[in-house]
Structure formats: C-alpha cells, structure tokens
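Number of protein chains: 2
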Amino acid sequence: MSIDRKDCETRDRNDPIAFARERFLLPDAVIYLDGNSLGALPKATIERLKHAVDDEWGKGLIRSWNQADWISLPRKLGARIAALLGAKPDEIVAADSTSVNLFKLLSAMVSHVSKVSPSRRVVLSEAGNFPTDLYIAQGILKAYGDRFELKLVDATEIEAALGPDVAVALLTQVDYRTGRLHDMAHVNKVAQRNGIPIIWDLSHSAGAVPIDLAGSGAQLAVGCGYKYLNGGPGAPAFLYVEGSLQSQLVSPLTGWFGHAAPFDFINEYEPAASIDRFQCGTPSVLAMQALDCGLQTFQGVAMADVRAKSLALSDLFWQLMENHCPDFGFSCVSPRNRSIRGSQLSFAHEQAYAVMQALIERGVIGDFRQPNLLRFGFTPLYTRYVDVWDAVMVLRDVMEQSAWQSTRFQQRNKVT
Amino acid sequence: MSIDRKDCETRDRNDPIAFARERFLLPDAVIYLDGNSLGALPKATIERLKHAVDDEWGKGLIRSWNQADWISLPRKLGARIAALLGAKPDEIVAADSTSVNLFKLLSAMVSHVSKVSPSRRVVLSEAGNFPTDLYIAQGILKAYGDRFELKLVDATEIEAALGPDVAVALLTQVDYRTGRLHDMAHVNKVAQRNGIPIIWDLSHSAGAVPIDLAGSGAQLAVGCGYKYLNGGPGAPAFLYVEGSLQSQLVSPLTGWFGHAAPFDFINEYEPAASIDRFQCGTPSVLAMQALDCGLQTFQGVAMADVRAKSLALSDLFWQLMENHCPDFGFSCVSPRNRSIRGSQLSFAHEQAYAVMQALIERGVIGDFRQPNLLRFGFTPLYTRYVDVWDAVMVLRDVMEQSAWQSTRFQQRNKVT
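Respectively, the protein sequence lines represent chains W and V.
Reminder that position 166 of the first sequence reads as 166 in our numbering, one-by-one numbering, no gaps.
Position in the second sequence (from 1) plus 1000 gives the number in our numbering.
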C-alpha cells in the first residue's frame, strides 16, 4: 500500500484528538519523537509557574501552604492521575521520584512477605527492565543477605515464572527499549492465583495506553511524571496502593509528610491512615504545579482515542520504514502485534548512535539506547501523522546522503 | 537604652549587606519574619524559571539534559552550597528532600556500624529535634529490631551522652523551636574522641550562621534548600559526605542517578565513585534552577556579616519586646547567650496561636509552633532593622487592642 504526505494530512484532519496539540508549545523545525522520554511543554505550564512563583511564593510566601493549598498538591495530582489510570482518587499520590517511590513499595512488600511467607524467596523481574528498577531492588535485597534472590526472566517467561516461590514481582508494563506491552489484567490474574503481589512500573505506559488499575486487579504501582504525563524534566513521580492494602504497608521512608499529623510535631512516627503515609519530605511545589498542567493536557481526551492514534502512528512509521528505508540495515525490535505494543518503536542498527545524531541535527528528535537502538516515541496528544511522514523522509535522506556513513559501515552493509 | 525608629533607619543605612535586599521581591505591606521556614523570592528566579521552561524545556526538549547541562545541576548546586558551608565542591550534592537524604546517610551509617561495632547500640539524638529527623531514624531502626535504641537527650546533655555505646548521633545544628545553636566544632571533637560519627541537620543553620564543615571536622550532613537558602517551596535538599568517607558508604536508595554509569543501562548496580552515589532518581530540573538562584543571593555576601546582622536583629527584637511588650505574658525561650543563638527568636505565650493569627492579619508574618510558641526568623539578606521595629510595634498594638483577647486570657494574665 502506497502512502503519501497528502494521506497523512487527511488523517490529521480526521484525527478526533487533533485539538490536543494546541495545548503544547512545540519548537519550529523540530519533529519530536521523544515524548516517551521527556514530554513536551504544555502552554498552560508557563502561566501556572509564573503565578506560582510571582504570586503564590513571592506575595503569599509561607501563607500559600494553606491559602494556595500547596499542602494538597500531592493528593490533588494523585486524584488526577487516578482518573487517568482507573484508580480511586485516594489510591494515588504524587511524590518524590519513580526510584524513591519504588523503594517505598518494594521495601514495604519485601518486609511484609519476609515475615508472613518464609518460603517465598524470589523477587521476580524482567531481564532488560529499566535499570533503576533493578538497582532499587538490588539495594533493598542486599540488606536481607541470602533471604531473597532477584530473578530476572524474559518478558515472555514471566507468566511461567510466577510460581509459589515468588515473594513479589516487579514488572514494567511497557519495556523502555522494545516498547513491548504486558497484558496487565492477565498477568495480575496469574499472580493473584499464586498469591503474588506485583508492583507495576507504569513509567512508559501511563498516559500512553489505556490503564485500568482497578479493573485489571492491580495492587501496587509507581510511575513517572515527565514522560507521557508532560510534567517537565524530573517531574514528581507517583505511586498507587490499592485501598485495602494501604493500612497493611508502611513506607520505610517515614518522613513528616507521611505522618498522621505532620504539624503536631510530636516525637513518635505514626503513619497517616491514608495513601499520605507514602509521602516523605516536603514536596517541590513548583514541580508539582508543572505536573498538574501536564496532567491537564489529557482533559477531555479519551484514552481509547489516544491508544487508537498511538497504534496508527506506529503502524504508519513502520510501514513507511518498509516502503522508504528497506535497505539501510534497520531492524525493528518492537512487537508487530498491536496488542503487545506500547507507544514507541525501536530499530536496531549497527550505527544507531551516529544515525540518531544525524537525525537530531536535522530536527528529528528520537533517542539512542545502548547498545544499538534508535527509539521513536509517539505521543498522540501532539504527534501528527505528517510528523511521522516527515521523520521517515528525513531518515531516508540521512541514510542516503550523510557524511557519518563510514566506509566500514558501507562495506559491511553491502555484505549483509 | 531607648531605641526609636530613626535609630533603626540609621542602622539600615550603615548595614554592609543592605544591598542584598534588592535581590528579593518582597510584597508591600508585609514584614516577613518567616524566612527560616520559607525563604523569600529572589528576583533572578523569575527570569531563570522562565528561561528554563520556555527555552530549555520548551525549545530544547530532551536535548537540554546535555545542551543546557541539566545533568550537572545536582553537582553544580552542590558545589555552590559547599562554598557557603566550608566544604570541598565534590563533597555536597543537591538531591531529593531533607528527609530522604537523611534516610540515605543514616541508613548507610547504621548499616556500617552494625557490622563493624557490635557493642554500639545507641542512636543518639535530641529531645525536640525536628520531628522528621526522629521519624526517619525510627523508620530505619525498626528494621533492626532490638539491635539499636534511639536515645533522645536534651541539647545540653548531648556532650555527656556521646559515650562508647553510641553508634551514630543525629543532631540538628539550630533547634527549630528555640533557635538554640550547637557548637559544631566542639561537639565533633568530643564525638571523634569517642569514635562516633555525627550526622548534622543544617536545615535551620545553612545560610543563617557561618558553617565550616571542613574546619569543624564534620563528616556527614544534610540540609534544606527552601529556608535560608531561598530555593522556593519544597526546594531540593542537599547532603554532605566528607571526601574520605564517600567510598565507604553506599546509599540504600540505589537509583540510576547514583550509578557509576547511569546511561550505560547495565543491569547491575555499581555506585558512582563520587558523591554522585548519593543521588537516586531523576532530579527536578525546575526546582534545581530555582534553588540555584536562591544560592546566588549569597554572592559577594560575607557570612560573618550575615551572622553579625542576624544577632543584631534578634538582639534588637528582644530589646524592643522588653521595652514595649513587657506585660503581655511573652517569655522568650531562645538563648540570650549569642554564642548559642541561631537566627530566630521564639516566644512562649498561652495564646500564641491567636496572637500569631492577629499578627499575620496585620502583615507581620512569623509562625506558630506547637504547643505555645511564636517564632520570628531573621534573614539578614532581606530583613531590615526597621522591619524589626515595625513588627514589635504591630505586636504591641495587637496586644493592646485586638478582639482576640478573651476575658479568660485577660483575667489569667492579670494574675501572673
């Protein structure tokens, strides 16, 4: 099937969520395919931060903790995220970083399981999981000596590995390199049958694919605010604890914002009865305000439309790569099967780093991931079909013309 | 000695750091005596955040991690804080919250001591320490069962309590309620004689009193970015690890930003060789930029001048209280002795909450702390002598006229 730029323009005209692009400021002469790493700037963020700085901080000063309700931001944002992810408003709180939040939940679970289930000694995760997830798990388990083993299996082997020896599983819904998507409801069902709690890392799926935490039986999750949620560089992350579990788990990070009565200033820690117990120190108000604006870019946007467009964009990219770049040594490592595909495509290439640098110089921004991957993320709120067209055309041009092509590369490419 | 407003104006004219006030935006009709809780807004922050949002994030997008050097912010800010606190540039990093940073250092130390010094079972801190410090300690020690005991003694008894049973001490240099100041060099000397590491919480002293971490033999410290350092609400905190200790301590929060090679994305955690090992997740770039501007308000300001003015301001406040408010039932709980006084005064009063509310309504902003304290903080960069005069005059007026005075209060006050 032949597609031209006009077809892409037509698709953009018919896009039911095309209006969302107007909520973002995107630089001229840039095609941004890295919103899976850092979301674009929402227009509303500019005014909001100006207001938060000039008026709330500058004029309100300390009074703004109450008058501007800064104190409620972690829960207010949590409720917004919950609406997006199919959780109850009091099951999510915005706080700290993904790594710190993962530490809270995994520590709490490991501690819990170590007491109630002595025979469960495996903490299960995926080979190729986002490294910080594995690092955090390693750090926690170190304190337990030989008690637990961190076992990494391929994504396709997770289900089979969810056996009676597993204490807790730590899974990332969408793989950061391949974009492979887990069927959360199905995996949860298998895990629950075996009494295994799963902590889901939603960093590469929240805001990108429809998520129904309640409907899919999820108990625990963390996620990132600065990718598809458009919260800005290093935005606060979030964590989810299903309601009935909240009273059973205590965060190891027992800071004052997790206290039942933080402003009573009593000496003894007593965890808040609610999800607030998973807060720790004073949250960054400016970062929270930016995240709030990021979350509001989803207002009035159906996640089903986001998903449909996401798949259409990646299908288009893949097809255009086949049509226009078949002979340059690219090999897609993302799932062809739409039901297990997230919102990105990754292509292996032996000169991946140099190719991505050349693309970025031409204004097409994806990213490079070790050892040999070019990643292209599709953020349906602001990525257009014509962007995909233009990106592939630039890539073709780069491959045909650019000086980065070493003789060695050309020779090897001819052989294969 | 009688003082009038003219005298205060003269002092302001002769103030060698009066120029620093121009670096802040302060609202009209407000006398701000709560910079010990949330520092005022530096003018430079407005432009910096606008640039960071519009240009670095909006236009630079993901490229700004390198092009705008976002990646170096935690260390760049750490070096600035180090210059202020007498540490080497590579001994401090800006990261997370004070609570989280305290967790990192105290966990690391407790874990270390638990292995090398089985006879040391006391974690020593102060009765009345800022609660989050005690909460974090309680959370950490819980995991060790009976192995450690958290022992709290009065500030004046710390020295005597630094005995051979102490594993680690957790001290706050300036008490958040009374403003009492520890002699850090002296306490460090006593502790080192007994082989006891101290973790200093500098939240209420950094930027308020001269600190010489190297010269005073400090090994470990944490501190807050949003008080005297003017980094904005919930600003990133910082932590200090003396150079020779860095390789011996591993943070329990083993996130990717603490990895030796975070962007190699390898599966095994390997802590960075430097202070970077105490970073964890992705830092908030916007919050870091604001903190950077806060730190720069100290440029060209000698901490000796800050200290001299701080003491002169609190002396003045105290004296004016004695001259003009002697009969209203206030009793100062802060040290008269300047050598152990931080940069605040706290007055006990049986109607403290109501009095502070009345003051705030009149534009004099201090704060109330349980159970009965009015706190007034003096931030020499932007507090003037006339502010102190005006504040006490408003307080006198409030006490003489305001409707909050209940009959009960008046009666009881007559008796005492």
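Ideal Cβ positions, reconstructed from N, Cα and C, are used throughout, including at glycine.
All values derive from a computational prediction rather than experimental measurement.
* Taking only beta-carbon atoms, is Pro335(W) less than 8 Å away from chain V? -> Judged by the 8 Å Cβ criterion, Pro335(W) is not in contact with chain V.
* To do: Give the DSSP bridge partners of Gly377(W), in chain order.
  => Under the DSSP definition of a beta bridge, Gly377(W) partners with Gln344(W).
* To do: Could you please give the first and the last residue of the uninterrupted alpha helix (DSSP H) stretch that includes Ser114(W)?
  => First-last of the alpha helix (DSSP H) with Ser114(W): 98-116.
* So is Val100(W) buried or exposed if we call it buried at 16+ other beta carbons inside 10 Å? -> Classification for Val100(W): buried.
* **Residue-level contact to chain V via CB, Ala20(W), 8 Å cutoff** => So no, Ala20(W) is outside the interface.
* Asked: If we count the other Cβ atoms within 10 Å of its Cβ and call it buried at 16 or more, is Glu56(W) buried or exposed?
  -> Flag for Glu56(W) reads buried.
* Asked: DSSP three-state call for Pro1271(V): helix, strand or coil?
  -> Of the three classes helix, strand and coil, the one that applies to Pro1271(V) here is strand, per DSSP.
* What residues match up with Trp200(W) in a beta bridge as DSSP calls it? -> Leu171(W), Ala221(W), per the DSSP bridge assignment.
* Compare the C-beta of Cys280(W) with all C-beta atoms of chain V and state if any pair is closer than 8 Å. => Among the residues facing chain V, Cys280(W) is included, as its CB has a counterpart in that chain under 8 Å away.
* Alpha carbon to alpha carbon, how far is Gln1248(V) from Asp1276(V)? -> Rounded to the nearest angstrom, the gap between the Cα atoms of Gln1248(V) and Asp1276(V) is 13 Å.
* **Contact set between Gln1248(V) and chain W, taken where Cβ atoms lie within less than 8 Å** => Neighbours of Gln1248(V) on chain W: none; closest Cβ ~15 Å, over 8 Å.
* To do: Out of Arg375(W), Leu220(W), Tyr382(W), Pro252(W), point me to the one whose CA is closest to Gly243(W)'s CA.
  => When only C-alpha atoms are compared, the closest one is Leu220(W).
* Contact with chain W by Thr1383(V), beta-carbon distance below 8 Å -> Cβ-Cβ to chain W under 8 Å: no for Thr1383(V).
* Thinking C-alpha only, which one of Asn1014(V), Tyr1144(V), Glu1047(V), Gly1078(V) is nearest Ala1283(V)? -> For the sequence presented, residue 1283(V) should be read as Pro rather than Ala. Cα-wise, what sits closest to Pro1283(V) is Gly1078(V).
* Same chain, Cβ closer than 7 Å to Glu1159(V), neighbours up to 5 away in sequence not counted -> Excluding five sequence positions before and after Glu1159(V), the CB atoms of its chain that fall closer than 7 Å to its own CB belong to Val1187, Val1190, given in chain order.
* To do: Scan the segment 1207-1219 of chain V for residues whose Cβ lies nearer than 9 Å to a Cβ of chain W and list them as they occur along the chain.
  => Within the segment 1207-1219 of chain V, no residue places its CB atom closer than 9 Å to a CB of chain W.
* Asked: Would you say Ala161(W) and Ser117(W) are within 8 Å of each other, going by their C-beta atoms?
  -> No, Cβ-Cβ distance for Ala161(W) and Ser117(W) is not below 8 Å.
* Give a yes or no on whether the minimum CB-CB distance between Leu1061(V) and chain W is below 8 Å. => With 8 Å as the cut-off, Leu1061(V) counts as an interface residue toward chain W.
* To do: Quick one: using the 10 Å Cβ neighbour count with 16 as the cut-off for buried, is Pro262(W) buried or exposed?
  => Taking every protein chain shown into account, the CB of Pro262(W) has 16 or more other CB atoms within 10 angstroms, so this residue is buried.
* To do: Would you mind sorting Gln1067(V) into buried or exposed? The rule is 16 or more other CB atoms within 10 Å of its CB.
  => Result: exposed.
* **Euclidean distance between Cα positions of Glu9(W) and Tyr385(W)** => Roughly 7 Å separates the two Cα atoms.
* Got a sec: is the Cβ-Cβ distance from Pro27(W) to anything in chain V below 8 Å? -> For Pro27(W), a Cβ of chain V is located within less than 8 Å of the residue's own Cβ.
* To do: Sort Tyr1144(V), Glu1400(V), Thr1172(V) by Cα distance to Ser1183(V) and report the nearest one.
  => Here residue 1183(V) is Asp; the residue named in the question, Ser, does not match the sequence. Closest option to Asp1183(V), judged by alpha-carbon separation, among Tyr1144(V), Glu1400(V), Thr1172(V): Thr1172(V).
* Asked: Bridge partners of Ala1237(V), per DSSP?
  -> Paired residues: Ala1095(V).
* To do: Closer than 7 Å by C-beta to Val1113(V): which residues in its own chain qualify, once you throw out the five before and the five after it? Chain order, please.
  => Once the five neighbours on either side are set aside, the close Cβ partners of Val1113(V) are Arg1120, Ala1167, Val1168.
* **Phe130(W), DSSP secondary structure in three states** => In the structure shown, Phe130(W) falls within a coil segment according to DSSP collapsed to helix, strand and coil.
* To do: Compute the Euclidean distance between the alpha carbons of Ala1029(V) and Val1392(V), then round it to the nearest angstrom.
  => Rounded to the nearest angstrom, the two C-alpha atoms are 15 Å apart.
* Going by beta carbon distance, what residues of the same chain come within less than 7 Å of Ala1082(V), once the five residues before and after it are set aside? -> Excluding sequence neighbours, Ala1082(V) sits near Lys1088, Pro1089, Glu1091, Ile1092.
* Any beta-carbon of chain W closer than 8 Å to the one on Gly1234(V)? -> Closer than 8 Å to some Cβ of chain W, the Cβ of Gly1234(V) qualifies, so yes.
* Asked: Listing by chain order, which chain V residues have their CB less than 7 Å from the CB of Arg369(W)?
  -> By Cβ distance, chain V contributes Phe1265.
* Candidates Arg63(W), Met303(W), Gly217(W): closest to Val209(W) by CA position -> Closest option to Val209(W), Cα to Cα, is Met303(W).
* Proximal residues, the segment 1146-1176 of chain V versus chain W, C-beta separation under 9 Å -> Residues Leu1152, Tyr1176.
* To do: Can you say whether Lys6(W) is buried or exposed, counting buried as having 16 or more other CB atoms within 10 angstroms of its CB?
  => With fewer than 16 Cβ atoms within 10 Å of its Cβ, Lys6(W) is classed as exposed.
* Inter-residue Cα distance where the pair is Ile3(W) and Met321(W) -> C-alpha separation (whole angstroms): 12 Å.
* Can you tell me whether Phe975(V) is buried or exposed, with buried defined as 16 or more other CB within 10 angstroms of its CB? -> Any question about residue 975(V) goes unanswered here, given that chain V covers just 1001 to 1416.
* Note down the Cα distance separating Lys414(W) from Gly377(W), rounded to an integer number of angstroms. => The pLDDT assigned to Lys414(W) is 41, lower than 50, so where the model puts this residue is not dependable, and the model offers no usable value.
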